[in-house]
Amino acid sequence: MSIDLEKRYSVEEYQSLINSVTFPVEINGDVFISLELLGSGHLHPVPPKPFFRESVVAFLVVQLYDYSKSGLCPGVVTASQGGFKIEDFPLSVNSGNGHPVRIIRAPDVSFTPRNQTRDLDAHQLHTFLGRPFTPSAIFEVEDISKRSNLANMRRKIRNEYMCARSTIRWAVVVDAEHETILVFHKTEDGRIVETYHDPATTLHAPNDILPGFFLEPLALMHSLEENLLSSSTEEEQNEEGNALCPYCREELDNIDAMVYHIRAAHLNRNRKRRELRKRARGKALSPRKRRKEDE
Ligand SMILES: [Zn+2]
1 MSIDLEKRYS
11 VEEYQSLINS
21 VTFPVEINGD
31 VFISLELLGS
41 GHLHPVPPKP
51 FFRESVVAFL
61 VVQLYDYSKS
71 GLCPGVVTAS
81 QGGFKIEDFP
91 LSVNSGNGHP
101 VRIIRAPDVS
111 FTPRNQTRDL
121 DAHQLHTFLG
131 RPFTPSAIFE
141 VEDISKRSNL
151 ANMRRKIRNE
161 YMCARSTIRW
171 AVVVDAEHET
181 ILVFHKTEDG
191 RIVETYHDPA
201 TTLHAPNDIL
211 PGFFLEPLAL
221 MHSLEENLLS
231 SSTEEEQNEE
241 GNALCPYCRE
251 ELDNIDAMVY
261 HIRAAHLNRN
271 RKRRELRKRA
281 RGKALSPRKR
291 RKEDE
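Quick note: the sequence shown uses full-length UniProt numbering, first residue 1, plus one each step.
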């Protein structure tokens, strides 16, 4: 199946296109890593991110992943290629009756709380054909220094990510190149409040969306600078002496090794692991198989 940028696709056509395409894909001489589906039915090819910007995405994914494992608000994190189907019934279309607009967008980073993910069926987990669902918070890493880029981002967040039917209530745009952070917050009564955040201070998420989550923009900048500009070697950074792991008595060389070891070996042991794996196997059924079983 060929990619036609002029054509209007239904979600079903989009799904079979995605199934047949191997990414990255070349369109008219340019390389793209994924395809989004716009409300008009047209495809939006997504270009790859340059190294610096993608490293910011990775930083955010790790921060959110740590948070998701902290017990404060368990959930699932996705990165740049994780698409979501957003369905809306805009008042401008057919007086808001019927004729839904379906959009598939892939935010750079997303967080979906467990109370939403645990109810997803096989269609929702493995295809774009199931009932729409959206995360609670998203992050976009883009250059918004140009007025047109900023306008596009604003339109995408206000009209798509935060449309009436979407559950996304916190959206953070990080422009690391220009040290700019723009935050969108959809309040309980549906208003969208937009603020520029001072990168020198801690950014706290609203407590009813990501309770206790915070981001230190300076830590982000520091981690970028450390890897891209620092001249010190790994050995210089690890001066602490060795010690025994209090849980298994393994000897570790330094505090970084200790922290990594405890997290990897002892922290995520789940008592209910067997039961969860059994349930996961049920969900891993292919949608086609599941449909046959339903009949
Ligand atoms: Zn240990």
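All C-beta atoms, glycine included, are put in the ideal place defined by N, C-alpha and C.
Contact test: residue i Cβ vs ligand 1 heavy atom, cutoff 7 Å
i, result
"residue 251", "no"
"residue 247", "yes"
"residue 265", "yes"
"residue 261", "yes"
Span of the alpha helix (DSSP H) around residue i
i, result
"residue 126", "122-126"
"residue 147", "147-155"
"residue 62", "51-69"
"residue 144", "Where residue 144 is concerned, there is no enclosing alpha helix (DSSP H), given that its DSSP letter is neither H nor E."
"residue 259", "255-262"
Residue j beta carbon less than 8 Å from that of residue i
i, j, result
"residue 220", "residue 84", "no"
"residue 15", "residue 133", "no"
"residue 135", "residue 168", "yes"
"residue 108", "residue 77", "no"
"residue 164", "residue 210", "no"
"residue 344", "residue 67", "No answer is possible for residue 344: it lies beyond the span of the chain, which begins at 1 and ends at 295."
"residue 251", "residue 261", "no"
"residue 81", "residue 34", "yes"
"residue 203", "residue 215", "yes"
Counterpart residues of residue i in DSSP-defined beta bridges
i, result
"residue 186", "192"
"residue 119", "Answer is none; residue 119 lacks a bridge partner."
"residue 204", "214"
"residue 297", "No answer is possible for residue 297: it lies beyond the span of the chain, which begins at 1 and ends at 295."
"residue 180", "175"
Span of the beta strand (DSSP E), counted from its first residue to its last, around residue i
i, result
"residue 140", "137-141"
"residue 198", "No beta strand (DSSP E) holds residue 198; DSSP gives it neither H nor E."
"residue 10", "From DSSP, residue 10 is part of no beta strand (DSSP E); its letter is neither H nor E."
"residue 102", "101-105"
"residue 171", "170-175"
"residue 112", "109-113"
"residue 89", "That residue, residue 89, is in no beta strand (DSSP E); it is neither H nor E in DSSP."
"residue 43", "43-46"
"residue 26", "25-27"
"residue 38", "Where residue 38 is concerned, there is no enclosing beta strand (DSSP E), given that its DSSP letter is neither H nor E."
"residue 76", "75-78"
"residue 30", "30-32"
CB contact below 8 Å: residue i versus chain B
i, result
"residue 173", "This model lacks chain B altogether, as it is built from one protein chain only."
If we count Cβ pairs, one from each stretch, closer than 8 Å, do we get three or more for the region 147-155 versus the region 119-130? With a cut-off of 8 Å, the region 119-130 and the region 147-155 do not count as touching, because too few Cβ pairs lie within range.
Segment contact, 8 Å Cβ cut-off, at least three pairs: the region 101-120 with the region 180-199: A contact between stretches requires three or more CB pairs, one per stretch, nearer than 8 Å, and the region 101-120 fails this requirement with the region 180-199.
Is it the case that the region 166-177 contacts the region 144-152, given that we only count it when at least three CB pairs across the two stretches are under 8 Å? These segments touch.
Do the region 186-204 and the region 34-53 meet, that is, are 3 or more Cβ pairs less than 8 Å apart? No, they do not touch.
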